[in-house]
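Novice: Have a look at this one before I ask anything.
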Amino acid sequence: MSARRGIGSFRQPSIIPGFGLTFGFTIVYLSLIVLIPIAAAFAETFKMGFHQFWHVVTTPRAVASYGLSFGASLIGAFLNFILGTLVAWVLVRYTFPGKRLLDSLVDLPFALPTAVAGIALTTLYASTGWFGGPLSAAGIHVAFTRLGVVVALTFIGLPFVVRTVQPVLEDLDKELEEAAVSLGASRRQTFLRVIYPSIFPAALTGFALAFARGVGEYGSVIFIAGNMPMRTEITPLLIVTKLEEYDYTGATAIAVVMLTISLIMLVSINVLQRWSSLRTVAADG
Amino acid sequence: MVSAMPAMAAPAVSESRGVRGLLIGISVAFLSVFILAPLALIFATAFGHGILPYLRSFANPDTLSAIRLTLLAAAIAVPANLVFGVAAAWAIGKFEFVGKTLLISLIDLPFSVSPVVAGLTYVLIFGAQGLLGPWLSAHGVQIIFAIPGIVLVTIFVTVPFIARELLPLIAVQGNEEEEAALTLGANGWQTFLKVTLPNVKWALLYGVILCNARAMGEFGAVSVVSGHIRGLTDTMPLQIEVLYNDYQFVPAFALASLLALLALATLVVKSLVEWRAGNLQGENA
Numbered sequence: 300m301s302a303r304r305g306i307g308s309f310r311q312p313s314i315i316p317g318f319g320l321t322f323g324f325t326i327v328y329l330s331l332i333v334l335i336p337i338a339a340a341f342a343e344t345f346k347m348g349f350h351q352f353w354h355v356v357t358t359p360r361a362v363a364s365y366g367l368s369f370g371a372s373l374i375g376a377f378l379n380f381i382l383g384t385l386v387a388w389v390l391v392r393y394t395f396p397g398k399r400l401l402d403s404l405v406d407l408p409f410a411l412p413t414a415v416a417g418i419a420l421t422t423l424y425a426s427t428g429w430f431g432g433p434l435s436a437a438g439i440h441v442a443f444t445r446l447g448v449v450v451a452l453t454f455i456g457l458p459f460v461v462r463t464v465q466p467v468l469e470d471l472d473k474e475l476e477e478a479a480v481s482l483g484a485s486r487r488q489t490f491l492r493v494i495y496p497s498i499f500p501a502a503l504t505g506f507a508l509a510f511a512r513g514v515g516e517y518g519s520v521i522f523i524a525g526n527m528p529m530r531t532e533i534t535p536l537l538i539v540t541k542l543e544e545y546d547y548t549g550a551t552a553i554a555v556v557m558l559t560i561s562l563i564m565l566v567s568i569n570v571l572q573r574w575s576s577l578r579t580v581a582a583d584g
Numbered sequence: 350m351v352s353a354m355p356a357m358a359a360p361a362v363s364e365s366r367g368v369r370g371l372l373i374g375i376s377v378a379f380l381s382v383f384i385l386a387p388l389a390l391i392f393a394t395a396f397g398h399g400i401l402p403y404l405r406s407f408a409n410p411d412t413l414s415a416i417r418l419t420l421l422a423a424a425i426a427v428p429a430n431l432v433f434g435v436a437a438a439w440a441i442g443k444f445e446f447v448g449k450t451l452l453i454s455l456i457d458l459p460f461s462v463s464p465v466v467a468g469l470t471y472v473l474i475f476g477a478q479g480l481l482g483p484w485l486s487a488h489g490v491q492i493i494f495a496i497p498g499i500v501l502v503t504i505f506v507t508v509p510f511i512a513r514e515l516l517p518l519i520a521v522q523g524n525e526e527e528e529a530a531l532t533l534g535a536n537g538w539q540t541f542l543k544v545t546l547p548n549v550k551w552a553l554l555y556g557v558i559l560c561n562a563r564a565m566g567e568f569g570a571v572s573v574v575s576g577h578i579r580g581l582t583d584t585m586p587l588q589i590e591v592l593y594n595d596y597q598f599v600p601a602f603a604l605a606s607l608l609a610l611l612a613l614a615t616l617v618v619k620s621l622v623e624w625r626a627g628n629l630q631g632e633n634a
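Here it is as structure tokens:
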């Protein structure tokens with residue numbers, strides 16, 4: 300047995316069979332479907348020189364699209380950070396009629412196709428729509444403006460903060476709050492000093508997930524955005540436009556910028572999640 | 350003293366009635382505006398002119414062909430990702446090896462890649478100017494602007510779903526039951542089918558249903574590789590876009606209502622699975 304183990308062995312021995320088959324299949328499948336196509340995009344940009352790449356990704360139109368995609372995603376994620384934490388709190392701590400229904404509907408943006416969300420939101424906020432009518436009478440235009448992009452990205456990001464904060468709140472030991480109270484803390488102090496620090500890492504993870512999703516979102520945004528270059532054009536739409544003009548190099552260069560950001564976000568979210576679970580373990584211990 | 354403690358602590362670990370009412374009100378309003386209103390609008394518009402125009406929407410041959418193509422894409426993508434999800438969850442959940450965290454992150458990668466970028470990477474490989482494009486077209490195989498491309502990108506965007514549902518469950522279940530079965534003479538397949546599978550079947554079911562909903566609803570990635578040939582390469586979400594841009598709102602929302610029903614069914618299954626898991630936990634405790 301010790302001979303099989305070896306110091307350099309990359310996995311611990313086990314009597315459970317099937318590692319070679321399942322691990323091998325996982326790696327091959329993931330490489331063919333996900334990794335090689337993504338590597339191809341990076342490889343494609345090496346065909347152009349750095350100067351050409353830099354020129355393409357920093358045109359005013361591209362920079363304006365990053366500003367909109369990032370700005371609107373940040374605002375949407377921030378709204379969800381606040382209101383999502385509130386929704387999680389209400390769903391965990393209070394009882395009221397219709398609570399279970401609302402709880403299950405929180406996941407709707409995960410399950411509803413983005414194009415369906417897109418046409419529904421656009422119709423709601425168009426000047427003839429249920430919300431768009433009164434709003435435009437008040438001088439607020441949502442559909443076909445940047446505000447519309449924020450609305451769509453808030454919808455898309457809604458489940459993330461709720462679903463990351465909810466389990467942490469459920470596991471939160473009420474004895475800690477009681478201890479704080481018996482030591483003379485007011486409800487506000489208890490919230491700020493005891494509850495909030497426990498849920499903050501989870502809420503931040505949810506914020507990052509919502510933000511990452513928002514930056515790449517396409518289907519729910521293009522209907523409501525108006526899609527005017529420099530004003531209401533998101534980065535994924537710019538990629539599609541360039542593809543339709545057969546400008547593959549330009550589309551790929553901008554796609555590589557987005558991919559790089561996705562990879563950075565993925566690493567940050569992993570770090571956040573680890574921090575969040577450490578916090579939970581520390582609170583339990 | 351002992352009896353005074355809970356009497357003192359009880360009111361202070363919750364909020365006053367007014368605050369509670371306010372927080373519930375804000376949450377319900379937020380979810381009503383962002384979730385209930387778009388959902389209600391889809392069905393209200395689809396049935397806006399009565400049931401007959403709704404039904405007539407499905408007499409359009411392009412719509413029917415879009416439904417067929419969407420069913421076909423999901424019928425290939427979901428089983429492919431089911432096999433992948435089970436293999437990945439087995440390799441990662443049952444074994445300890447170097448680079449496990451990295452592998453989990455790579456499986457999550459399609460979550461953070463913009464669907465438009467996913468579609469673009471396949472164009473770069475299989476498109477007419479792509480790496481394999483010239484060789485493929487010389488052999489009479491067309492992937493991009495054809496059905497195989499649609500199926501491939503659908504697989505890409507739904508890679509993580511089933512693996513993600515199974516992984517945590519398989520990991521926390523430990524290996525004792527499997528080791529017992531193997532010691533008693535069961536082979537690997539018998540152990541998987543009779544010991545592991547019954548423990549994870551509900552999570553597996555939810556993973557499959559969620560994967561299916563996302564596969565049928567994918568828009569951005571499919572939009573890039575489809576070529577939008579009416580009646581041939583338009584899926585349901587793409588046909589919704591075509592109808593909506595044609596101002597055919599009833600047919601657009603009628604088709605959207607099918608996908609919305611699928612999303613609602615997905616949420617119902619999720620609630621059932623969670624309710625069951627909660628009950629099982631209660632029994633074990």
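Protein chains in written order, with our numbering: chain A, 300 to 584; chain B, 350 to 634. Using N, Cα and C, we set each Cβ at its ideal position, and we do this for glycine too. All values reported here derive from a predicted model rather than from experimental measurement.
Which whole-angstrom value describes the C-beta separation of Val-465/B and Pro-535/A, a residue pair presumed to lie in contact below a C-beta threshold of 8 Å?
Specialist: Their Cβ separation, rounded to whole angstroms, is 4 Å, which keeps Val-465/B and Pro-535/A in contact under 8 Å.
Novice: Please list the terminal residues of the continuous alpha helix (DSSP H) segment that includes Arg-563/B.
Specialist: Counting along the chain, the alpha helix (DSSP H) containing Arg-563/B begins and ends at 546-566.
Novice: Could you tell me which residues DSSP pairs with Phe-510/A in its beta bridges?
Specialist: According to DSSP, which records beta bridges pairwise, Phe-510/A is partnered with nothing at all.
Novice: In the DSSP output, which residue or residues are listed as bridge partners for Arg-405/B?
Specialist: Looking at the DSSP assignment, Arg-405/B forms no beta bridge with any residue, so it has no partner.
Novice: For a test of the three-state rule: what should DSSP assign to Arg-310/A, helix, strand or coil?
Specialist: Reduced to three states, the DSSP call for Arg-310/A is strand.
Novice: Taking 9 Å as the CB-CB cut-off, is Val-557/B touching chain A?
Specialist: It does not; no Cβ of chain A falls within 9 Å.
Novice: Quick check: what's the CA-CA separation for Pro-387/B versus Pro-600/B?
Specialist: Cα to Cα, Pro-387/B sits roughly 17 Å from Pro-600/B.
Novice: Closer than 8 Å by beta-carbon distance: list the chain B residues that pair up with Glu-532/A, in chain order.
Specialist: Chain B residues near Glu-532/A: none, gap ~13 Å exceeds 8 Å.
Novice: Along the chain, where does the alpha helix (DSSP H) containing Trp-538/B start, and where does it finish?
Specialist: From DSSP, the alpha helix (DSSP H) with Trp-538/B extends over 537-540.
Novice: So the candidates are Tyr-393/A, Leu-537/A, Ala-376/A; which of them puts its Cα closest to the Cα of Leu-502/A?
Specialist: The sequence given here places Ala at residue 502/A; Leu does not occur at that position. Selected option, being the one with the closest Cα: Ala-376/A.
Novice: Asn-524/B versus chain A: which residues are under 8 Å apart at the beta carbon?
Specialist: Here the neighbours are Ser-313, Ile-315.
Novice: Mark Ala-520/B as exposed unless 16 or more other C-beta atoms lie within 10 angstroms of its C-beta, in which case mark it buried.
Specialist: The residue is exposed, with fewer than 16 neighbouring Cβ atoms inside 10 Å.
Novice: Return the chain-ordered list of same chain residues with a C-beta closer than 8 Å to the C-beta of Thr-531/A, the five sequence neighbours on each side being excluded.
Specialist: These residues qualify, in order along the chain: Leu-367, Phe-443, Thr-444, Arg-445, Gly-447, Val-448, Ala-524, Gly-525.
Novice: Can you find the residues in the same chain that come closer than 8 Å, C-beta to C-beta, to Leu-546/B, ignoring five residues on each side of it along the sequence?
Specialist: The residues are Leu-553.
Novice: Could you tell me the boundaries of the alpha helix (DSSP H) in which Tyr-471/B lies?
Specialist: Note, Tyr-471/B: alpha helix (DSSP H), 464-475.
Novice: Output the distance between the C-alpha atoms of Glu-623/B and Val-617/B, rounded to the nearest integer angstrom.
Specialist: Distance between the alpha carbons of Glu-623/B and Val-617/B is about 10 Å.
Novice: Buried or exposed, going by whether 16 or more other CB atoms sit within 10 Å of the CB of Arg-405/B?
Specialist: Exposed, because fewer than 16 other Cβ atoms sit within 10 Å of the Cβ of Arg-405/B.
Novice: Based on DSSP bridge pairs, tell me the residues matched to Phe-446/B.
Specialist: According to DSSP, which records beta bridges pairwise, Phe-446/B is partnered with Arg-310/A.
Novice: Closest Cβ-Cβ distance between Leu-485/B and chain A: below 9 Å?
Specialist: Chain A, which has no Cβ nearer than 9 Å to the Cβ of Leu-485/B, makes this no.
Novice: By how many angstroms is the C-alpha of Gly-456/A removed from the C-alpha of Val-571/B?
Specialist: Roughly 21 Å separates the two Cα atoms.
Novice: Is Gly-505/A near Phe-380/A, with beta carbons less than 9 Å apart?
Specialist: Yes.
Novice: Hey, how far is the Cα of Ala-356/B from the Cα of Lys-398/A?
Specialist: Legend: pLDDT at Ala-356/B = 44, less than 50; position of this residue unreliable, value from coordinates given subsequently. Distance between the alpha carbons of Ala-356/B and Lys-398/A is about 28 Å.
Novice: Could you give the first and the last residue of the continuous alpha helix (DSSP H) run that contains Ser-545/A?
Specialist: The sequence given here places Tyr at residue 545/A; Ser does not occur at that position. Here Tyr-545/A belongs to no alpha helix (DSSP H), and DSSP marks it neither H nor E.
Novice: Out of curiosity, what's the CA-to-CA distance linking Ala-408/B and Met-564/A?
Specialist: Spanning the two alpha carbons is a distance of roughly 45 Å.
Novice: What residues of chain B sit near Phe-499/A, judged by a beta carbon separation below 8 Å?
Specialist: Result: empty, since nearest Cβ-Cβ is about 18 Å, beyond 8 Å.
Novice: Looking at chain A, which residues of the stretch 560-585 of chain B have a Cβ within less than 9 Å of any of its Cβ atoms?
Specialist: Here the close residues are Ala-562, Arg-563, Met-565, Gly-566, Glu-567, Phe-568, Gly-569, Ala-570, Ser-572, Val-573, Met-585.
Novice: Mind checking if Asp-411/B is an interface residue toward chain A, Cβ cutoff 9 Å exclusive?
Specialist: No, Asp-411/B lies away from the interface with chain A (no Cβ there is under 9 Å from its Cβ).
Novice: Could you tell me which whole alpha helix (DSSP H) segments of length 4 or greater appear in the stretch 474-533 of chain A?
Specialist: Counting only runs of 4 or more, we get 486-489, 495-515, 518-524.
Novice: State the Cα-Cα distance for the pair Pro-466/A and Val-391/A, rounded to the nearest angstrom.
Specialist: Their Cα atoms are separated by approximately 9 Å.
Novice: Note the first and the last residue of the continuous alpha helix (DSSP H) segment covering Ser-330/A.
Specialist: Neither: Ser-330/A is in no alpha helix (DSSP H) and is coded neither H nor E.
Novice: May I have the straight-line CA-CA distance separating Pro-356/A from Glu-477/A, to the nearest angstrom?
Specialist: Contrary to the premise, residue 356/A reads as Val rather than Pro in this sequence. Approximately 55 Å between the Cα atoms of the pair.
Novice: So which residues of chain B does Tyr-365/A contact, with C-beta pairs closer than 9 Å?
Specialist: By Cβ distance, chain B contributes nothing, its closest Cβ being about 13 Å from Tyr-365/A, past 9 Å.
Novice: Quick check: is the beta carbon of Met-527/A nearer than 9 Å to any beta carbon in chain B?
Specialist: By this cut-off, Met-527/A is not an interface position.
Novice: Could you check the C-alpha separation between Ala-426/A and Tyr-596/B for me, to the nearest Å?
Specialist: Looking at the sequence provided, one finds Ser at residue 426/A rather than Ala. Those two C-alpha atoms are separated by around 15 Å.
Novice: Contact criterion: CB-CB distance below 9 Å. Does Ile-523/A meet it with respect to chain D?
Specialist: The displayed structure is made up of protein chains A and B, and chain D is not among them.
Novice: If you check the beta carbons only, do Ser-372/A and Ala-509/A fall under 9 Å apart?
Specialist: In contact: Ser-372/A and Ala-509/A (Cβ atoms closer than 9 Å).
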